[in-house]
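Following our numbering from start to finish, the sequence shown increments by one per residue and tops out at 286.
Heads up, the thing below is written out as structure tokens.
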Amino acid sequence: DNEMLALLGEFIPGRDIVGLEIGEILARGGGGIHCITQQVPAV
Numbered sequence: 244d245n246e247m248l249a250l251l252g253e254f255i256p257g258r259d260i261v262g263l264e265i266g267e268i269l270a271r272g273g274g275g276i277h278c279i280t281q282q283v284p285a286v
């Protein structure tokens, strides 16, 4: 995971890349973090 986070950091300079352990509860519904955070209103 750390290797991939570092690689992503090279492609997205100036941003913090943070890995999350979503656990079994979020993964069960399919999509996980992507589906939960997809609808974020513009502020």
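All residues carry an ideal CB built from backbone N, CA and C; glycine is no exception.
These numbers come from a predicted model, not from an experiment.
Straight across, the Cα-Cα distance linking P284 with G275 is about 19 Å.
If you look at E264, you'll find it isn't in any alpha helix (DSSP H); DSSP assigns it neither H nor E. Linking L248 to E264 through their CA atoms gives a straight-line distance of about 13 Å.
Close CB contacts of G262 within its chain, under the 6 Å cut and outside five residues either way in sequence, are with D244 and L248 (chain order).
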